[in-house]
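Residue numbering for the sequence shown follows the working numbering, starting at 9 and increasing by one per position.
Heads up, the beta-carbon is just placed ideally off N, CA and C, and yes, glycines get one too.
Computed from a prediction, not measured in an experiment: that's the story for all the values here.
Below is one structure, written out as structure tokens; the observations come after it.
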Amino acid sequence: MRATTLGELAGGDAHGSLFGSTKNVYDLERTPGGSSGGSGASLSANLGAVAIGQEGLASIRRPSAWSSIVGIRPTLGLVSRTGAYGCWPSKSGSLGPMARTVEDAARLLDVIVGYDPEDPSTAHGVGKLSTSFVEALDPEALRGARIGIIRETIGLGSDPAADDFAKVRTVFGGAVAELAAAGAEIVDPVQIKDLHALLAKRSFDSGKEAFENWMGRNANPPYKSFEEFVSQPQFKKAMWLRGGGRPSPWTASYEEYLEARQELMTNLLVLMADEDLDAIVHVTVEHTPTLIEEGINPPYHNMKGAPHLNTFLYEVPSLTVPAGFTDDVLPVGITFLGRPYSDLDMIRFGYAYEQATKHRVAPTTTPA
9 MRATTLGELA GGDAHGSLFG STKNVYDLER TPGGSSGGSG ASLSANLGAV
59 AIGQEGLASI RRPSAWSSIV GIRPTLGLVS RTGAYGCWPS KSGSLGPMAR
109 TVEDAARLLD VIVGYDPEDP STAHGVGKLS TSFVEALDPE ALRGARIGII
159 RETIGLGSDP AADDFAKVRT VFGGAVAELA AAGAEIVDPV QIKDLHALLA
209 KRSFDSGKEA FENWMGRNAN PPYKSFEEFV SQPQFKKAMW LRGGGRPSPW
259 TASYEEYLEA RQELMTNLLV LMADEDLDAI VHVTVEHTPT LIEEGINPPY
309 HNMKGAPHLN TFLYEVPSLT VPAGFTDDVL PVGITFLGRP YSDLDMIRFG
359 YAYEQATKHR VAPTTTPA
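Shown next as structure tokens:
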């Protein structure tokens with residue numbers, strides 16, 4: 009087992025104060041995304057078979073899409089987060105598999121799913137699965153499945169007028185046609201009621217107890233308290249860069265966020281019930297990988313185009329799979345998102361799409 013580089017403090021694109029910026033294997037002047045960017049780049053470069061990424065906003069799916077690999081953020085409660093930064097008792101952070109194929113990701117998920125008393129959230133997952141993920145893989149799983157397509161812009165800081173936004177949309181349009189060719193019944197488009205107004209009410213808990221639980225596992229922690237940690241100049245610099253040098257776009261209270269979460273979850277489930285949907289599909293990231301120089305210098309692009317619907321509603325699973333490349337050979341992914349604990353179905357659908365399209369192409373920048 010080896011560790012890989014990640015975004016500073018497990019957030020944002022893969023720029024760090026210790027190792028610098030991780031490079032995208034399809035264009036060495038660009039980032040692989042983050043925060044699990046080192047995992048995405050190393051897997052795509054064939055330096056390992058599988059990895060476990062962490063996602064609090066889009067940190068598994070974004071580097072997976074930008075590295076042309078598979079990434080799964082499971083329903084909260086299936087996979088223990090013990091020992092990871094920013095987890096229990098916080099709920100937005102989840103651990104999940106990253107791999108070059110859906111089958112490899114499913115095999116890893118079969119190993120890591122289970123109850124862990126150190127992470128009480130896993131008690132919610134007990135009894136939710138009746139078979140293994142690998143045993144459920146079926147190349148015909150999309151045949152007859154009703155798939156709703158989100159066409160509207162839902163990514164952070166997305167710019168629909170940008171050239172790369174249009175290039176990603178072109179690939180996504182092809183992916184929707186491929187889903188139909190694989191036998192899916194396409195409902196296009198679908199809209200979740202009040203989606204943007206509710207997503208704008210995102211907030212996070214302070215992270216204090218989660219940080220102290222994590223740091224407390226160290227016999228001689230470098231910081232004795234959360235307050236000491238957040239007072240460090242490097243912490244403040246990292247937060248400033250992660251926000252692109254701008255104030256946080258989220259100003260709602262945590263209580264307002266919880267109310268918005270409940271309303272948005274209901275709106276999602278109502279849509280899926282009314283349209284009899286088995287899954288919703290959207291483009292994983294609405295822009296192509298960011299240039300490193302634009303991430304560490306003005307305009308400080310970070311997390312551009314990253315949808316976070318699944319981590320706003322942390323009870324829903326999502327799976328990103330490669331959907332091809334833009335005309336300038338930059339990877340694009342699509343995300344399958346479903347009801348709580350429908351992880352098995354999302355993996356079945358992603359596997360069927362992967363087998364029907366075979367979009368992943370190994371990078372030329374690293375040895376085979």
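For residue i and residue j, what's the separation of their Cα atoms in angstroms?
i           : j           : result
residue 113 : residue 222 : 26 angstroms
residue 337 : residue 34  : 7 angstroms
residue 227 : residue 332 : 47 angstroms
residue 18  : residue 247 : 11 angstroms
residue 303 : residue 13  : 16 angstroms
residue 56  : residue 264 : 42 angstroms
residue 177 : residue 262 : 34 angstroms
residue 39  : residue 204 : 27 angstroms
residue 230 : residue 216 : 16 angstroms
residue 97  : residue 161 : 32 angstroms
residue 87  : residue 372 : 34 angstroms
residue 344 : residue 165 : 22 angstroms
residue 347 : residue 168 : 28 angstroms
residue 111 : residue 80  : 12 angstroms
residue 65  : residue 342 : 16 angstroms
residue 334 : residue 293 : 13 angstroms
residue 210 : residue 299 : 27 angstroms
residue 16  : residue 198 : 36 angstroms
Less than 9 angstroms between the C-beta atoms of residue i and residue j, yes or no?
i           : j           : result
residue 351 : residue 137 : yes
residue 155 : residue 200 : no
residue 130 : residue 94  : no
residue 315 : residue 163 : yes
residue 121 : residue 133 : yes
residue 90  : residue 126 : yes
residue 186 : residue 296 : no
residue 157 : residue 289 : yes
residue 207 : residue 145 : no
residue 44  : residue 71  : yes
Taking the beta carbon of residue i as the centre, do at least 16 other beta carbons fall within 10 Å, making it buried, or is it exposed?
i           : result
residue 32  : buried
residue 102 : buried
residue 321 : buried
residue 128 : exposed
residue 69  : buried
residue 305 : exposed
residue 214 : exposed
residue 202 : exposed
residue 58  : buried
Can you pull the DSSP bridge partners for residue i?
i           : result
residue 32  : 35
residue 100 : Residue 100 pairs with nothing; no bridge assigned.
residue 23  : 29
residue 79  : 106 and 328
residue 61  : 104
residue 154 : 193
Within the present structure, is the beta-carbon of residue i separated from the nearest heavy atom of the ligand MG by less than 8 angstroms?
i           : result
residue 338 : The model depicted lacks the ligand MG and carries no ligand whatsoever.
Report task. Write down every uninterrupted run of the beta strand (DSSP E) in the region 156 to 237 whose length is 3 residues or greater and which is fully enclosed by it, in chain order. Result -> 193 to 195
Query - Start-end ranges of the alpha helix (DSSP H) lying completely within the region 329 to 374, minimum 4 residues - result: 351 to 365
Query raised in the report: Going along the chain, which unbroken runs of the alpha helix (DSSP H) with 4 or more residues stay wholly within the region 233 to 319?
Result: 234 to 238, 241 to 250, 262 to 282 and 300 to 304
Query raised in the report: Mind pulling the alpha helix (DSSP H) runs of 4 or more residues that sit fully within the region 115 to 145?
Result: 141 to 144
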